[in-house]
Amino acid sequence: MTREEQLVEAFVEAADTLVDDFDVIEFLHTVAGRCVQLLDVDAAGLMLADHLGQLHASASSTESARLLELFELQADAGPCMEAFRTGEQVVNVDLKASQDRWPRFAEEAQAAGYVSVHALPLRLRTVVIGALNLFCSRPVALSEADTRTGQALADVATIGILAQRSVRQSELLAAQLQQALNSRVGIEQAKGVLAERRQITVDEAFTLLRSHARDHNLHLSDLARQVADGSSTAAELLSGPQERFANASTPEAS
Amino acid sequence: MVSNRMARVLQLLDGGPQRRGAVESAAVQAAEALGVDGLCAGLGTGSTGMVLSWGCETVSARLEELQFTLGEGPGPDAAAGAPVLAADLTAMRAHWPAFASEAAALGVRAVFAWPLRIGAISVGTLIAHRATAGPLAEEALADAYALAEAVTLVMLHQQYPTAGLPPQHDQASPATYRAEVHQAVGMISVQLGVGLAEALARLRAYAYSAERPINEVAALVVARSLRFNELDP
């Protein structure tokens with residue numbers, strides 16, 4: 115498939131999702147994945163702001179602990195916080211030259227192998243609700259075309275958050291953001307429950323949750339809530355296939 | 050972005066068991082900060098009804114009773130997961146046919162409700178009412194979320210008390226929890242065979258008595274260096 119065809123497919127997929135019944139966290143993960151596929155970057159993540167203006171990682175192209183750590187670090191200072199506060203794009207920032215601007219973040223991002231970082235605001239008219247974070251491990255600048263495409267993907271993510279069906283009085287942005295943030299928390303709780311039950315890593319648990327939700331046409335957030343609060347009856351998810359033995363040696367912590 | 054008034058309320062809620070009176074009077078100040086006439090946080094959700102837990106002056110206690118009796122209202126709706134902001138009760142006649150008219154008879158013109166929860170941990174709902182119609186001010190909305198979070202911890206503390214442990218809002222509000230905290234809560238709930246709410250209470254109690262930040266303890270749990278089913282009882 116040519117890049118153009120990929121682009122078209124990505125936007126058709128987004129449009130189809132938005133007009134149908136969908137799960138917001140699953141959707142944001144798809145957007146993050148598309149960013150890596152369509153733009154010349156190696157990792158992507160979406161951060162959403164809570165009622166205190168603090169950013170929280172809500173979806174990423176990979177669940178690697180290292181990457182998530184880089185999101186968390188930006189709570190104090192980083193490209194995402196800048197993009198969120200100013201509503202402006204923060205593009206093509208050389209991490210080596212950013213030690214003063216973002217001391218902790220620049221150091222950790224480079225240690226993780228990234229060379230440049232970009233942040234695009236998630237904004238609707240005058241309100242900024244978060245930022246799209248892009249990481250590149252090669253010294254390649256984000257082209258103008260990629261910046262526009264990236265911003266369009268960020269805008270699509272913003273629309274997705276606002277389109278959540280389950281929130282009454284949907285004109286209230288704050289309520290929808292709270293809903294999305296709380297869904298993410300539920301997913302983290304479910305990851306823990308599943309990881310402990312099946313003696314796997316939380317990353318593996320997330321993969322299982324996501325594929326089970328897809329295979330059974332469930333909302334990821336609903337499934338997560340059920341797994342977390344113990345009301346799920348999905349035996350094959352909770353206990354694994356019959357051939358797996360529960361007394362396998364404890365896996366390495368990631 | 051919490052107002053100064055609400056910040057003072059949150060400080061009152063921080064108090065431990067010895068400051069019980071302060072926690073109760075915080076409800077009055079919280080109502081003032083939000084621009085409502087009264088509020089009430091109820092413990093428990095669903096058909097078992099609400100055990101009133103915080104605030105709950107005459108009118109809001111009556112509203113709670115009504116919701117339970119009639120099986121409809123802002124509380125039950127909020128328990129489903131999303132805040133309910135009914136600035137004008139008369140516009141809700143179709144949605145809550147019985148509740149809207151009974152509440153109006155009490156002199157209530159606006160009701161607001163928020164779920165009290167942390168992910169899949171559902172502790173209860175927070176209801177607020179006003180005798181005049183009109184939406185909450187934008188600042189009040191941000192205040193309300195901060196309040197809901199603090200009250201959630203207060204009620205969690207009431208459900209699973211640990212000697213000497215304050216609600217700990219100032220030290221570690223859920224907004225500062227890293228993903229690992231929520232993951233650890235899930236793991237601990239399986240390790241101890243308890244619900245998520247109790248798992249969170251146990252995690253917070255451990256961090257407090259070990260004098261370590263909750264994020265740090267959670268990281269140990271997720272790395273499987275610390276297992277709650279292997280701790281001394």
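Residue numbers (our numbering), protein chains in the order written: chain B, 115 to 368; chain R, 50 to 282. Where a beta carbon is used, it is the ideal one built from N, C-alpha and C, also for glycine. Only a predicted model underlies this, so the values are computations on that prediction, with no experimental measurement involved.
Where G235 (chain R) is concerned, the enclosing alpha helix (DSSP H) starts and stops at 228 to 241. Residue pairing by DSSP places C250 (chain B) opposite B:S230 in a beta bridge. Given a length threshold of 4 residues, each whole run of the alpha helix (DSSP H) inside the region 128 to 153 of chain B is given here in chain order: 138 to 152.
In the DSSP annotation of this structure, the continuous segment of the beta strand (DSSP E) that includes T174 (chain R) starts and ends at 170 to 179. In this structure, the beta-carbon distance from V138 (chain B) to L267 (chain B) does not fall below 9 angstroms.
Remark: C-beta atoms of G130 (chain R) and N296 (chain B) approach each other more closely than 9 angstroms. The beta-carbon of H178 (chain R) is placed no less than 9 angstroms from the nearest beta-carbon of chain B. Contact annotation: in the region 310 to 326 of chain B, residues whose CB is within less than 8 angstroms of a CB in chain R are E310, R311, V316.
About 11 angstroms separates the beta carbons of G91 (chain R) and E114 (chain R), which is beyond the 8 angstroms limit, so they are not a contact pair. The shortest C-alpha to C-alpha distance from T118 (chain R) to any of R:A152, R:A254, R:M204, R:E260 is the one to R:A152. Listed by position along chain R, the residues whose Cβ is nearer than 8 angstroms to that of G167 (chain B) are M50. Excluding its 5 nearest sequence neighbours in each direction, L256 (chain B) has C-beta neighbours in its own chain below 8 angstroms: L153, D154, V155, V205, N206, S230, H232, L248, C250, G264, listed in chain order. Between A158 (chain B) and S172 (chain B) a beta carbon distance of about 12 angstroms is seen, past the 8 angstroms cut, so the two are scored as non-contacting. Per DSSP, reduced to three states, the secondary structure at H326 (chain B) is helical.
Rounded to the nearest angstrom, the gap between the Cα atoms of F198 (chain B) and A163 (chain B) is 8 angstroms. Residue pairing of L162 (chain B) in beta bridges, as defined by DSSP: B:H170, B:G244. Using beta-carbon distances, R339 (chain B) counts as an interface residue toward chain R, with a partner under 9 angstroms. Taking a 10 Å sphere around the C-beta of M55 (chain R), we find 16 or more other C-beta atoms and assign the residue as buried.
Taking a beta-carbon distance threshold of 9 angstroms, V299 (chain B) counts as an interface residue toward chain R.
Out of R:D63, R:C105, R:S52, R:M50, the CA that lies nearest to the CA of V77 (chain R) is found in R:C105. Note on T321 (chain B): under 16 other CB atoms within 10 angstroms of its CB, so exposed under the neighbour-count rule.
For R166 (chain R), the enclosing beta strand (DSSP E) begins and ends at 159 to 167. Scanning its chain for C-beta atoms nearer than 8 angstroms, with the 5 sequence neighbours on each side dropped, one finds around R311 (chain B) the residues L352, S353, in chain order. Here the alpha carbon of V160 (chain R) sits roughly 13 angstroms from the alpha carbon of L190 (chain R). Looking at the DSSP output, A90 (chain R) shares a beta bridge with R:W103, R:L175. Secondary structure note for V51 (chain R): it is in no alpha helix (DSSP H), with a DSSP letter that is neither H nor E. Residue environment for V200 (chain R): buried (at least 16 other C-beta atoms within 10 angstroms of its C-beta). The contact set of E186 (chain B) on chain R, defined by CB atoms closer than 7 angstroms, consists of R227 in chain order. Membership of V200 (chain R) in the alpha helix (DSSP H) is indicated by the continuous run 187 to 208.
The residue among B:A225, B:M195, B:D135 with its C-alpha nearest the C-alpha of L334 (chain B) is B:D135. With distances taken between CA atoms, A272 (chain R) lies nearest to B:D317 out of B:T261, B:W216, B:D317, B:R252.
A171 (chain B) has a beta carbon lying within less than 9 angstroms of a beta carbon in chain R. With the criterion set as a beta carbon lying under 9 angstroms from some beta carbon of chain R, the region 240 to 252 of chain B has no members that meet it. Between L245 (chain R) and D343 (chain B), the C-beta gap is smaller than 9 angstroms, which places the two residues in contact. Residue burial is scored here from C-beta neighbours: K305 (chain B) has at least 16 other C-beta atoms within 10 angstroms and is therefore classed as buried. One finds A228 in chain R with Cβ atoms closer than 7 angstroms to the Cβ of L182 (chain B), taken in chain order.
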